[in-house]
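Residue numbers (mature numbering (1 follows the signal peptide of the UniProt record, and there is no 0)): -26 to -1, 1 to 241.
Quick look at the structure:
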């Protein structure tokens, strides 16, 4: 489990910044992962597998919005049941982009999202089963400039629009079958590493911290969201409704504000 204190976070972020600051575009560095693996999963064995997959472009148009799709092939897993997925960009100053807590309601897990890259890097997806065993998938992606830089914005307008949600379930819905849902929330997802264009001071971190999806009151998917998730967080995933009902989402930011929306699901 990850029981990292503030000192460890600071040391890890400083080390990665030092290694990646020489160039905006640099070859993805395979040497970063062993250090990071030890920091997050000290002395725990980890098996590379092909039933956890990362689908993404080899080179992204923008480091601020890199599309990725994560999936777990239950049939190919041969009985391994993944309950948690940790998503990393190993060259980012804050490498953990999100942690996904999975349930049986997701069926064969597949989720599309958008993440940030500070420089060319590997995406590492670590799956954990109920017994604590760890499984690894990796993909190299070239993208840069998505974590730092400067921002210029109307603070009042940003605050007014933050938390506005678009949430839908694709129709028609077949009860007992995989159903696609799309969630998108307006939010700047400030990393705490960006500078104000005028003052050049660091802009405080302001981001969605947790997103919880439930169906008829039962958990479907919980996401611990990190600042490596792109601005205006987007999650598209499948779930399997066992009856007609309501799919609800609650998103909470790092300042404690909660944003709630629900959608009716009719079979």
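Beta carbons are placed, not taken as given, at the ideal position from N, Cα and C, and that holds for glycine.
With DSSP collapsed to three states, give me the class of residue 132.
Of the three classes helix, strand and coil, the one that applies to residue 132 here is helix, per DSSP.
Across the segment 201 to 209 and the segment 153 to 168, are there enough close Cβ pairs to call them in contact, namely three or more that are closer than 8 Å?
Cβ pair count under 8 Å is three or more, so yes.
Please determine if the segment 98 to 110 and the segment 222 to 234 are in contact, where contact requires at least 3 C-beta pairs separated by less than 8 Å.
No, because fewer than three Cβ pairs between the segment 98 to 110 and the segment 222 to 234 fall closer than 8 Å, the two stretches do not touch.
May I ask you to report which of helix, strand or coil DSSP gives residue 142?
Note: residue 142 maps to strand in three-state DSSP.
How do the segment 3 to 18 and the segment 37 to 55 stand: do at least 3 beta-carbon pairs fall below 8 Å, yes or no?
Segments in contact, no.
Classify residue -4: buried if its beta carbon has 16 or more other beta carbons within 10 angstroms, exposed otherwise.
Confidence at residue -4 is low in this model, with a pLDDT of 40, below 50, so its placement is unreliable and no value can be given for it.
Sorted by chain position, which residues of the same chain lie with C-beta nearer than 7 Å to residue 188's C-beta, five sequence neighbours on each side aside?
Excluding sequence neighbours, residue 188 sits near 194 and 222.
Tell me the rounded alpha-carbon separation between residue 153 and residue 40.
When rounded, the distance between both Cα atoms is 24 Å.
Quick one: measure Cβ to Cβ for residue 50 and residue 78, integer angstroms, because I've assumed they're closer than 8 Å.
That pair is no contact at about 18 Å.
Return the Cβ separation of residue 115 and residue 95 in integer angstroms, given the expectation that the two are a contact with Cβ distance under 8 Å.
Confirmed, about 7 Å.
In chain order, what are the residue ranges of uninterrupted beta strand (DSSP E) at least 3 long that sit wholly in the segment 10 to 79?
Listed in chain order, the complete beta strand (DSSP E) runs (minimum 3 residues) inside the segment 10 to 79 are 20 to 22, 26 to 29, 40 to 46, 56 to 63 and 70 to 76.
Could you give the distance in angstroms between the alpha-carbon of residue 90 and the alpha-carbon of residue 71?
One C-alpha to the other measures close to 8 Å.
Per DSSP, which one or two residues make a beta bridge with residue 199?
DSSP lists 72 as partners of residue 199.
With DSSP as the reference, label residue 207 as helix, strand or coil.
Looking at residue 207 - three-state DSSP - the assignment turns out to be coil, as it is neither helix nor strand.
Could you please give me the residues that DSSP links to residue 223 through a beta bridge?
According to DSSP, which records beta bridges pairwise, residue 223 is partnered with 187 and 235.
Using the C-alpha atoms, what's the distance from residue 29 back to residue 22?
Distance between the alpha carbons of residue 22 and residue 29: 16 Å.
Identify whether residue 193 lies in helix, strand or coil by the three-state DSSP scheme.
Correct three-state label for residue 193: strand.
Nearest to residue 185 by CA position, among 75, 17 and 62, is which residue?
Looking at the Cα atoms, 75 is the closest of the given residues.
Per DSSP, what are the beta-bridge partners of residue 242 in this structure?
Since the displayed the chain opens at -26 and closes at 241, residue 242 lies outside it and no answer follows.
With distances taken between CB atoms, is the gap from residue 138 to residue 155 smaller than 8 Å?
Not a contact, by the Cβ cut-off of 8 Å.
Between 16, 238 and 88, which lies nearest to residue 147 when the distance is taken from Cα to Cα?
Closest option to residue 147, Cα to Cα, is 238.
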